[in-house]
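Working notes, structure below.
Protein chains in written order, with this note's numbering: chain E, 18 to 231; chain D, 18 to 231.
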């Protein structure tokens, strides 16, 4: 398996966690999002992925864009160490959490979006920071409330083993800290994060442990 | 089944298409995103969905936020008229398309995001329009390129029956037209849209046919 990757990309981080949890080895292929005008926009990478985003996963002849499509694929193709429960209603609870992070939080503070705001639209650094923190705080508040009251809660977001929700939550909290948000203000999320931190599969996926870390 | 809904919300539109394709009846519960400061922010709706977003699906005791979590749930719980192929690699191709729309396109031009840009950050209407069109054109170009070359193409995005990808594409093209983008400039997407337009399940899900349409 080959994973086109960027150490700090939180969607890349999700897939690294899932591979580690499942014990799947992969070749790490760095794509530098800030060098040479962004290597993801180069002809070579664009041919592989017209979406021009990392991560990109190759498993034999199968090439997959979008981190959540990868996580679902890995769970279907390598079902040992499942990352989703079996019951459709329980699966939906996990997915609504993962998707809230992937759809409503991460894309708004993505590198390409921040660059457009300050470059093309001329926002100041202070306005950019206000934008970032607004969406982080809105998102973390919603997630913390929803998880606190979730019927399936355990040591992890849902139950006592990691799921897609934890694979998305931990990178999102890393991202929030990077932008100065105090994650301990969200007690439910913070507790899950501390449990995940004890697990080797999560620790090895951390941006600081990757070959292209700066 | 009960679907909390807004006629023009493209994520609501996705779920209406899926229910119609599967022949599942639902009660339509309108949530007006622009009235009374946004009914999705009211106490009543926030208790049901702390994410404060439509759609929200209730099926008996199961309550689900996030449209793609609903589509996956409906496909698992009501597997007649499947919306995903069976092979994991083929499923991943469908999901990478649906997720590109749900993660990289729709959230950026969401009502709450546009309101923050013009309200809190003081962007002009011209700047707002530039932002909207930039992400629509970037996204439609990537999608058209990726789908044109996809091995599984048929009359629909993938194969000869509708999938999650079509449930997401048709509402996204409706949204693009609303903002003045010429969708016929994307021939692969446009062809799929025209096929879907012939199908009753898609037509009945159109915003103009909903009880809260303005």
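Even for Gly, the Cβ is constructed at its ideal location relative to N, Cα and C.
Within the DSSP secondary-structure output, residue 75 of chain D pairs in a beta bridge with D/19, D/80. Contact annotation for residue 140 of chain E against chain D: 138 [CB-CB distance below 7 Å, chain order]. Residue range 44–47 is occupied by the beta strand (DSSP E) that includes residue 47 of chain D.
In this structure residue 41 of chain D is in contact with residue 91 of chain D, their Cβ atoms being roughly 7 Å apart against a cut-off of 8 Å. Using a CB distance below 7 Å, the part of the segment 151–183 of chain D facing chain E consists of 151, 159, 162, 163, ordered along the chain. Look at the beta carbons and you see the segment 101–108 of chain D not touching the segment 122–130 of chain D: under three pairs across the two are nearer than 8 Å. When 9 Å is used as the limit between beta carbons, residue 144 of chain D is near these residues of chain E: 137, 138, 139, in chain order.
Taking 9 Å as the cut-off, the beta carbon of residue 120 of chain E is found closer than this to the beta carbon of residue 119 of chain D. Pairing residue 183 of chain D with residue 173 of chain D gives a Cβ-Cβ distance under 9 Å. In the assembly as shown, residue 225 of chain E is an exposed residue. Its beta-carbon has fewer than 16 other beta-carbons within 10 Å. No Cβ-Cβ contact shorter than 9 Å links residue 188 of chain E with residue 218 of chain E.
DSSP, reduced to helix, strand and coil, places residue 95 of chain D outside both helices and strands of the structure shown, so it counts as coil.
In chain order, 155, 159 make up the part of chain D whose C-beta sits under 9 Å from the C-beta of residue 69 of chain E.
Contact annotation: residue 38 of chain D and residue 22 of chain D have beta-carbon atoms that are not nearer than 9 Å. Between residue 208 of chain D and chain E, the shortest Cβ-Cβ separation is not below 9 Å.
Distance between residue 97 of chain E and residue 87 of chain E, taken at the CA atoms: about 15 Å. Between residue 169 of chain D and residue 110 of chain D a beta carbon distance of about 6 Å is seen, short of the 8 Å cut, so the two are scored as contacting. DSSP, read as helix, strand or coil, puts residue 56 of chain D in helix.
Against chain E, a Cβ distance below 8 Å from residue 200 of chain D picks out nothing, because the smallest value is about 18 Å. Within 7 Å of the CB of residue 45 of chain D, no CB atom of chain E is found; the nearest one sits about 20 Å away.
Just so you know, the alpha carbons of residue 20 of chain D and residue 108 of chain E end up roughly 19 Å apart.
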